């Protein structure tokens, strides 16, 4: 956009409290290189409920509820972005999402009927999980954030009237991984996070935790799903994807144990929960 349009651009990024310092440095570096003003806003929703959700999950670990660990992040992004646009009287929001980011399988895990595309199946699946582990609702603040995120992110109740959302990748621009990665690394000074060998889903410690848990429970995670999308798009071959999965597909135990310890939780308790998860879905 900066190179090809005369639009006045402001970059907005939401910091959920678990974003790595290297990721924030990358955002600052890229916007400085492009001469674009950056608004990096701290959101507290995820920090308010993560500990409760993680404790609840470890008490009865299930695959669908792995997705609950990042509850609050999407609320912070959606609310923060719209509020910022209204405050600055910005009429157009251009998002950075791509059609190659693994997500659908996680929603289907939640659904009461994976073949039902409606939100009713998603909500019924959530209620089914809550029935199995009511502990998720014992913290009123966390329960409120769960409900608000469902309304805002999944039902679109985000007060975005008269704001135009543009989704360029997959609609107007063909997102090409090799071209994008080469540009941000070689032209804009983007640097790889030391915790992961993957160029995406590595900016947030909770994202790494979820990748690890999905891999343990299902044998695959967002990386497998994303590479599969690139195969179908003709950007890589199946053999190339399999080779990349050997280095990019797994998050090392040592990295996750350190992350869990940094969160303030017992690594041994976490290991026990993971063993229970693996046994349940073996």
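Residue numbers (the numbering used here): -8 to 273.
Think of the CB as a built atom: it goes at the ideal place given N, C-alpha and C, for glycine as much as any other residue.
Values in this document were obtained by computation on a predicted structure and should not be read as measured data.
Looking at residue 5 and residue 63, is the spacing between their C-beta atoms short of 8 Å? no
State the Cα-Cα distance for the pair residue 110 and residue 142, rounded to the nearest angstrom. 11 Å
Checking 8 Å against the spacing of the C-beta atoms, do residue 201 and residue 60 come in under that value? yes
Beta-bridge pairing of residue 309 - partner residues as DSSP gives them: Nothing in the structure corresponds to residue 309, since the chain is present only between -8 and 273.
Considering only residues of the same chain and omitting the five flanking positions on each side of residue 155, which have a CB-CB separation below 8 Å? 82, 83, 84
Near residue 226, which residues of its chain fall below 8 Å by C-beta distance, leaving aside the five closest residues on each side in sequence? 167, 168, 169
Taking the DSSP output, what are the residues bridged to residue 10? 195
Which of the three DSSP states, helix, strand or coil, is assigned to residue 0? coil
Residues bridged to residue 283 [DSSP beta-bridge criterion]: Here the chain comprises residues numbered -8 to 273, so residue 283 is not present and cannot be evaluated.
Proximity to residue 198 [Cα-Cα], best of 246, 222, 53, 71: 246
Spatial distance of residue 180 from residue 24 (CA atoms): 8 Å
Is DSSP giving residue 18 helix, strand or coil here? helix
With three or more beta-carbon pairs closer than 8 Å as the criterion, would you say the stretch 11 to 26 touches the stretch 113 to 127? no
Count the other CB atoms, across all protein chains shown, that sit within 10 Å of the CB of residue 251; report buried if there are 16 or more and exposed otherwise. buried
Assuming residue 102 and residue 116 are in contact, meaning their beta carbons sit under 8 Å apart, how far apart are those beta carbons, in whole angstroms? 5 Å
Kindly identify the DSSP beta-bridge partner or partners of residue 84. 156
Less than 8 Å between the CB atoms is what I'm expecting for residue 184 and residue 2, so what's the real figure, rounded? Rounded, the Cβ-Cβ distance is 19 Å, inconsistent with contact.
Residue 250 in three-state terms, based on DSSP: helix
Please report the distance separating the alpha-carbon of residue 112 from that of residue 177. 45 Å
Integer-rounded CB distance, given that residue 231 should sit under 8 Å from residue 189: Their Cβ separation, rounded to whole angstroms, is 14 Å, which puts residue 189 and residue 231 out of contact at 8 Å.
Should residue 8 and residue 32 be called a contact, given that it needs their Cβ atoms to be closer than 8 Å? no
Keeping to the same chain, check which residues put their C-beta closer than 6 Å to that of residue 51; ignore five residues upstream and five downstream. 124
Member of 237, 204, 221 whose CA lies at the smallest distance from the CA of residue 268: 204
Assuming the contact rule is C-beta atoms closer than 8 Å, residue 182 and residue 70 should be a hit. Round their C-beta distance to whole Å, please. Rounded, the Cβ-Cβ distance is 30 Å, inconsistent with contact.
What residues in its chain sit with their C-beta under 7 Å from that of residue 261, if we drop five residues either side in the sequence? 49, 251
Does the distance from the CB of residue 208 to the CB of residue 158 come in under 8 Å? no
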